[in-house]
Amino acid sequence: MIAESGTRKKGDVDIVDISGRLTFGNALAEIENSILKLIDEGSRRLVINVPGLTSIDSAGIGMLMGCRGKMGEKQGKLRIAGAKGGVARTFEVMHMDTFAALDTDVDAACRALAD
298 MIAESGTRKK GDVDIVDISG RLTFGNALAE IENSILKLID EGSRRLVINV
348 PGLTSIDSAG IGMLMGCRGK MGEKQGKLRI AGAKGGVART FEVMHMDTFA
398 ALDTDVDAAC RALAD
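Under our numbering, the first residue of the sequence shown carries the number 298, and numbering increases by one thereafter.
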């Protein structure tokens, strides 16, 4: 299954739910554009929620890091929540926690963003 995403709000936090495979291709570019649009439109507290993500490649990692960088430029905060299985292992191998804030779930991410 190619990557799919949806956006919702929890208070003043924007949540982007991503599921499927976040790999190089059109779906990844569409998701990246939607996240960057949220940031450009004023989102300053953003959670990328990935428990439904089944796999991620270097392009997916790069997209997440680019979005985190864009949020940093706008003095906002971005957290990644819910990585499981192979995606969590990929994040561990890539030392994602040194580049982005990782949380177990959306609620934990939202609590961290409230600080």
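Where a beta carbon is used, it is the ideal one built from N, C-alpha and C, also for glycine.
>> Can you tell me whether residue 400 is helix, strand or coil according to DSSP?
In response: Numbered from 1 along the sequence shown, position 103 holds the residue referred to as residue 400. DSSP places residue 400 in strand when its eight states are reduced to three.
> Between the stretch 398 to 405 and the stretch 368 to 380, do three or more beta carbon pairs fall short of 8 Å?
Replying inline: yes
>> With a threshold of 8 Å between beta carbons, is residue 319 in contact with chain B?
In response: Reference to chain B is not applicable here, since this structure consists of a single protein chain.
>> When you measure from the CB of residue 353 to every non-hydrogen atom of the ligand PLP, does any distance come out below 7 Å?
In response: Among the components of this structure there are no ligands whatsoever, and the ligand PLP is therefore not found.
> In the DSSP assignment, what are the bridge partners of residue 342?
Replying inline: By 1-based counting over the sequence shown, the position of residue 342 is 45. In the DSSP output, where bridge partners are listed per residue, residue 342 has 374.
> Three-state secondary structure (DSSP) at residue 412?
Replying inline: Taking the sequence shown and counting its residues from 1, the one referred to as residue 412 is at position 115. In this structure, residue 412 counts as coil in the three-state DSSP scheme.
>> Quick check on this structure: which residue in 303, 347 and 356 has the alpha carbon closest to the alpha carbon of residue 382?
In response: By one-based count along the sequence shown, residue 382 stands at place 85. That would be 347, whose Cα lies nearest to the Cα of residue 382.
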